[in-house]
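K.L.:
Sharing a structure, written as structure tokens. Questions coming.
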Ligand code: BGC
Ligand code: ZN
């Protein structure tokens, strides 16, 4: 089969190679890849700044946002059938308590692996093998947007966690800011608007024409788009009012620091963006700490997502479609065949989400199972 792999630590090492199709055991399924989303983590791994090959190997097959179809099922598998659409979660558990109860996104010891990122091969290939407990079945109606479920799970978790933290007090948030208008930012805006009814402002760097896809999506869900060139982050509350919840999805340390300073009383700042590994971090200001204390604020970090947030995402896909028919597929602004992975990595910035199409129709021989 074909697979896109990198040599971790080496700049621009992503190549499309022929590799043997993976074998599946009695408890596993073989999945044919339909779509793979490309994100900043993939680009960072290709830059040699992140990523780790599986133990004993030199290369890592990348790709962690996926949609696939079950092709073969091991003899002991009862949960899935041939033909099922599935989305794989990313982390594989280590030994800690959270990992053992299926919440490896809350891993305490850091001994998890991540498919396509850290110590385990990913999905940017024609096939992969996994156990049913890590595969989320997707209703066929959502095939076109199934590849968005992994990034959606990140947004779902951020919102659930932010509200969970605020159970410490009576909290009726009205206004949210989403910093960053990439896929995670737009999906977070969608969740906050549609499911929590908040007033949402999406803040991006670019000045967007009213006809730009991002701008249209934001307007359509009843949110507003603001460019930081028009209104700097520190000016936002003066323009639009006190902010109860901020989702930081840019990963720029300066934006995160500014965000902490504009948070309203009893506000929550949820940090999702991961600063690039080539970024020199800024020193947090005394003002930031003062604001946190005097405002009863919570700064909340959130990474990855367990299976329950994928399930929540599936439940909400139906809700999004009812409220805003045809909106979600518009987040995928470009589709390319697997061999154009380089173009996909490089055109990320002019797009909302770029998706690679896997799954050559080549036959996989019968395997012992
Ligand atoms: C992925 C997460 C992962 C994180 C850290 C993100 O790109 O979506 O699932 O845990 O990177 O490696
Ligand atoms: Zn763990």
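Numbering (the working numbering), first residue to last: 634 to 1002. Glycine is no exception: its CB is placed at the ideal position from the N, C-alpha and C atoms. Source: prediction; values computed, not measured.
So residue 634 packs on residue 662, CB below 8 Å; how close in whole Å?
P.N.:
So it is not a contact: roughly 16 Å between Cβ atoms.
K.L.:
Please name the residue, chosen from 823, 989 and 875, that lies closest to residue 956 on a Cα-to-Cα basis.
P.N.:
The shortest Cα separation from residue 956 among 823, 989 and 875 belongs to 823.
K.L.:
Here's a check: name, in chain order, each residue in its chain whose Cβ is nearer than 6 Å to the Cβ of residue 931, leaving out the five neighbours to either side.
P.N.:
Around residue 931: 798 and 901.
K.L.:
Could you say which of 750, 726 and 697 lies nearest to residue 739 if we only look at CA atoms?
P.N.:
When only C-alpha atoms are compared, the closest one is 726.
K.L.:
Would you call the region 727-738 and the region 694-711 in contact, with 3 or more CB pairs under 8 Å?
P.N.:
The region 727-738 vs the region 694-711: no contact.
K.L.:
Have a look at the DSSP bridge pairing and note the partners of residue 876.
P.N.:
In DSSP, residue 876 forms a bridge with 896.
K.L.:
Report yes or no: do three or more beta-carbon pairs, one from the region 803-814 and one from the region 749-759, lie closer than 8 Å?
P.N.:
No, they do not touch.
K.L.:
Grab the span of the alpha helix (DSSP H) containing residue 846 for me, first residue to last.
P.N.:
Segment 846-853, the alpha helix (DSSP H) holding residue 846.
K.L.:
I'd like to know whether the C-beta atoms of residue 945 and residue 789 end up nearer to each other than 9 Å.
P.N.:
In contact: residue 945 and residue 789 (Cβ atoms closer than 9 Å).
K.L.:
Could you check if residue 937 belongs to the surroundings of ligand 1, using beta carbon to heavy atom distance under 8 Å?
P.N.:
For ligand 1, at least one heavy atom lies less than 8 Å from the Cβ of residue 937.
K.L.:
Where residue 975 and residue 689 are concerned, what is the direct C-alpha to C-alpha distance, given to the nearest angstrom?
P.N.:
Taking the straight line joining both Cα atoms gives about 26 Å.
K.L.:
Would you call the CB atoms of residue 771 and residue 819 closer than 9 Å?
P.N.:
Not closer than 9 Å, so no.
K.L.:
Helix, strand or coil: how does DSSP classify residue 923 here?
P.N.:
Three-state DSSP puts residue 923 in a helix.
K.L.:
Rounded to a whole number of angstroms, what is the C-alpha to C-alpha distance between residue 989 and residue 967?
P.N.:
Those two C-alpha atoms are separated by around 9 Å.
K.L.:
Have a look at residue 992 and residue 761 and give me their C-alpha separation to the nearest angstrom.
P.N.:
Whole-angstrom Cα-Cα distance: 10 Å.
K.L.:
Is residue 760 helix, strand or coil when you go by DSSP?
P.N.:
In the structure shown, residue 760 sits in a strand (DSSP, three-state: E or B).
K.L.:
Counting only C-beta atoms, is residue 880 closer than 9 Å to chain D at any point?
P.N.:
Of the protein chains in this structure there is only one, and it is not chain D.
K.L.:
Give a single yes or no on whether residue 728 has its beta carbon closer than 8 Å to a heavy atom of ligand 2.
P.N.:
The answer is yes for residue 728.
K.L.:
Give the DSSP bridge partners of residue 649, in chain order.
P.N.:
Answer by DSSP bridge pairing, in chain order: 637.
K.L.:
So the beta strand (DSSP E) residue 699 belongs to, where does it begin and stop?
P.N.:
Segment 698-706, the beta strand (DSSP E) holding residue 699.
K.L.:
Taking 8 Å as the cut-off, does the region 857-871 touch the region 824-841 (at least 3 CB pairs, one atom from each stretch)?
P.N.:
A contact exists between the region 824-841 and the region 857-871.
K.L.:
In the DSSP assignment, the beta strand (DSSP E) including residue 986 goes from what residue to what residue?
P.N.:
Looking at the DSSP string, the run of the beta strand (DSSP E) that includes residue 986 is 986-990.
K.L.:
Pop quiz: residue 947 and residue 769 are said to be a contact at Cβ under 8 Å. What is the actual Cβ separation, rounded to whole angstroms?
P.N.:
Sure, about 7 Å apart at Cβ, within 8 Å.
K.L.:
As an exercise, report each continuous alpha helix (DSSP H) stretch of at least 4 residues that is fully enclosed by the region 920-974, in chain order.
P.N.:
Counting whole runs of 4 or more residues, the region 920-974 contains the alpha helix (DSSP H) stretches 940-956.
K.L.:
Helix, strand or coil for residue 813, going by three-state DSSP, please let me know.
P.N.:
Coil at residue 813, not helix or strand.
K.L.:
Taking its Cβ as the centre, do 16 or more other Cβ atoms sit within 10 Å of residue 937, making it buried, or is it exposed?
P.N.:
The residue in question, residue 937, is buried, as its Cβ has 16 or more Cβ neighbours within 10 Å.
K.L.:
Whole angstroms is fine: what's the gap from residue 910's alpha carbon to residue 673's?
P.N.:
C-alpha separation (whole angstroms): 12 Å.
K.L.:
From this set, 854, 889, 884 and 878, which residue's C-alpha is nearest residue 866's C-alpha?
P.N.:
Nearest of 854, 889, 884 and 878 to residue 866, Cα basis: 889.
K.L.:
Give me, in chain order, the residues of the same chain whose beta-carbon lies closer than 8 Å to that of residue 676; leave out the 5 immediate sequence neighbours on both sides.
P.N.:
Within the same chain, residue 676 has close Cβ partners 978 and 981.
K.L.:
So the beta strand (DSSP E) residue 717 belongs to, where does it begin and stop?
P.N.:
Careful: residue 717 lies outside any beta strand (DSSP E) and carries neither H nor E.
K.L.:
Taking C-alpha atoms, which residue in 671, 846 and 721 lies nearest to residue 939?
P.N.:
Answer by Cα proximity: 721.
K.L.:
Taking residue 667 as part of the beta strand (DSSP E), name the residues at either end of that continuous run.
P.N.:
Here the beta strand (DSSP E) through residue 667 covers 662-671.
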